[in-house]
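Note sheet for the following structure.
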Amino acid sequence: MPILLALLGLLVGALASHVAEAVMVKRPLAKPVCPYCTAPYAPPQWSATLALVTGQGRCHTCGKLFRWPRLIGELFTALSWGLLVGLNGLHLRVIFAMLTVIPLTMIMVTDLETRLVPNLIMLPAIGVMSVIGTIFGPALPTLTTWEWWYAPAGGLLALIVLWLFVTVGVAAFGPGAMGEGDITLATYTGLVVGFPLIIISLLLMIVFGGIGAAGVVVARKGSLKTAIPYGPFIILGCVVTLLWGPQILHWFLT
Ligand SMILES: [Zn+2]
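Once you know that position 120 of the sequence shown is 119 in numbering that gives the first Met the number 0, the rest is easy, because the numbers rise by one and skip nothing.
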């Protein structure tokens, strides 16, 4: 079952990446085309993973490889869905959690490709999650009891913390280190995991971000001038919290 859901995640991930790219470049939603020469992709190329597996990673017209964030988006969705079901079985709350991953996939793709977190994706996601989160609680698969304010409080806390981060970051390093998009993205993740687990999610974000920044410094021999996108770390923090948040919290408290 987890493998089946991971495959479904791959498919949904491909679709979500495609929609995200269309939103990002503001083109109407149509069949996938090569981002470089706009030649239509053959069906096996509609999924970056499938294209890679079938040896059709390159555009048949211009010969350029697909944009790699699409592959990341697909594998990210497949892995998240597979793990969510593998760890928790398949029930309504798990499906809820799986659905909340879809906007994260979309931002994973747009942020890695262009450092953009489109409001056209994030604002509806925040709106829907505010309502559903207040009624059904945060999207944690293992949640059994909750109060109506858990999800809104999580969103609000993430908004305040990221707003502080961005304000301090811009004051210290100038614009570009982190952006407004990181605030909306974090607000969404706060609604998804809710209070108090958003604290774990944000701590994981800092840890992953630190590891990522250190990796960039080592790879580029001490230069952090090319700001790295911070969105993927916010996203990873959120998904790891969906998967193991309660255990991590328990481990912290004991
Ligand atoms: Zn092409």
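Glycine included, every Cβ here is placed at the ideal spot set by N, Cα and C.
With 16 as the cutoff for other CB atoms within 10 Å, does Q246 come out buried or exposed?
exposed
Starting from Q246, follow the alpha helix (DSSP H) in both directions and report where the run begins and ends.
Residue range G230 to L252 is occupied by the alpha helix (DSSP H) that includes Q246.
Nearest candidate by alpha-carbon position, reference S79, set V217, L241 and F251:
L241
Kindly examine ligand 1 and report whether one of its heavy atoms sits closer than 7 Å to the Cβ of K30.
Relative to ligand 1, even the nearest heavy atom lies 7 Å or more away from the CB of K30.
Cα separation between P151 and K25?
30 Å
Say yes only if the C-beta of A38 is nearer than 7 Å to one or more non-hydrogen atoms of ligand 1, and no if none qualify.
yes
Helix, strand or coil: how does DSSP classify L98 here?
Look at L98 here: in three-state DSSP terms it is helix.
Simplified DSSP assignment, three categories, for L49
helix
Answer yes or no: the CB of C237 versus the heavy atoms of ligand 2, is any distance below 7 Å?
Because ligand 2 does not appear in the structure shown, any question about it cannot be addressed here, the ligands present being ligand 1.
In chain order, what residues of the same chain lie with their CB nearer than 8 Å to the CB of S129, ignoring the 5 residues before and after it?
A150, P151, G154 and L190
State yes or no: is the C-beta of T255 nearer than 7 Å to some heavy atom of ligand 1?
This structure does not reach residue 255, given that the chain is present from 0 up to 253, and the question cannot be answered.
Using the beta-carbon count (16 or more within 10 Å), is P68 buried or exposed?
Per the 10 Å Cβ criterion, buried.
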